[in-house]
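The block underneath contains the structure these notes are about, expressed in structure tokens.
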Amino acid sequence: MKNYLIIISFIFISDIVHGQGKISITKIESKSWTSTLCSVDTVIRKSNDVMSVSLFKISNPSGSAHVPETDEVSKRILIAVSSIDDSPEQHLYTIGNFYNPKIVKFDKLNNNNFQLILRYGSPNSKEVSFTITLGNILMSNK
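Under my numbering, the residues of the sequence shown are numbered 497 to 638, in order.
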């Protein structure tokens, strides 16, 4: 009887392991998605019990920083916000353009808010702070 249970268990487990089916590969033809994802410089993700926030630092095209006689680029930050749920509420924001941005702080303030502080510019740097909630981003200059 034990042997039958072992055989049945083995068949059941092998069905689960191989039950995924055929793996597909699909080329994404969207030029804007391709350009955006190929320009990702940095990815940071934080979450708590209520929501998750992902930051994507994206490089703009060559020369976008408008620094004379250089090809330096500016950056923008994509912020993806999602509730932690079976059917999540999701939002995507873009902020920028920033020259030489540095993430000074990215932490949760409480279960409903995250704070992002960026320093940007050169040689005179500036700081800006963002409060990120599920449905909104508020900016304040420091």
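Quick reminder that beta carbons are idealized off the backbone N, C-alpha and C, glycines included. Source: prediction; values computed, not measured.
Exercise. If you run the structure through DSSP and keep just helix, strand and coil, what is S528?
Worked result: Three-state DSSP puts S528 in a helix.
Exercise. Since I523 sits in a beta bridge, which residues does DSSP pair it with?
Worked result: In the sequence as displayed, the identity of residue 523 is Lys instead of Ile. Answer is none; K523 lacks a bridge partner.
Problem set entry | Alpha carbon of S528 to alpha carbon of S520, nearest angstrom | Near 22 Å, if we compare the C-alpha coordinates of S520 and S528.
Problem set entry | From T530, S570, T627, S578, residue whose alpha carbon lies closest to that of V549 | The residue with the shortest Cα to Cα distance from V549 is S578.
Problem set entry | Which of helix, strand or coil DSSP assigns to L630 | The answer is coil: DSSP assigns L630 none of H, G, I, E or B.
For this session: For K652, count neighbouring Cβ atoms within 10 angstroms of its own Cβ and tell me buried if that reaches 16, exposed if not.
Result: This structure does not reach residue 652, given that the chain is present from 497 up to 638, and the question cannot be answered.
Problem set entry | Anticipated Cβ contact below 8 Å, L551 with I573, distance rounded | Right, the Cβ-Cβ distance comes to about 6 Å (below 8 Å), so this counts as a contact.
Exercise. By Cβ distance below 8 Å, which residues in the same chain neighbour L501 in space, the five residues on each side in sequence not counted?
Worked result: Unreliable positioning characterises L501 in this predicted model, as indicated by a pLDDT of 49, which lies under 50. The coordinate reading is nonetheless provided below. Correct list: empty, nothing qualifies.
Problem set entry | For S598, the nearest candidate out of K542, I554, N608, L630 (CA to CA) | Correcting the residue identity first, residue 598 is Lys in this sequence and not Ser. Looking only at K542, I554, N608, L630, the smallest Cα-Cα distance to K598 is reached by I554.
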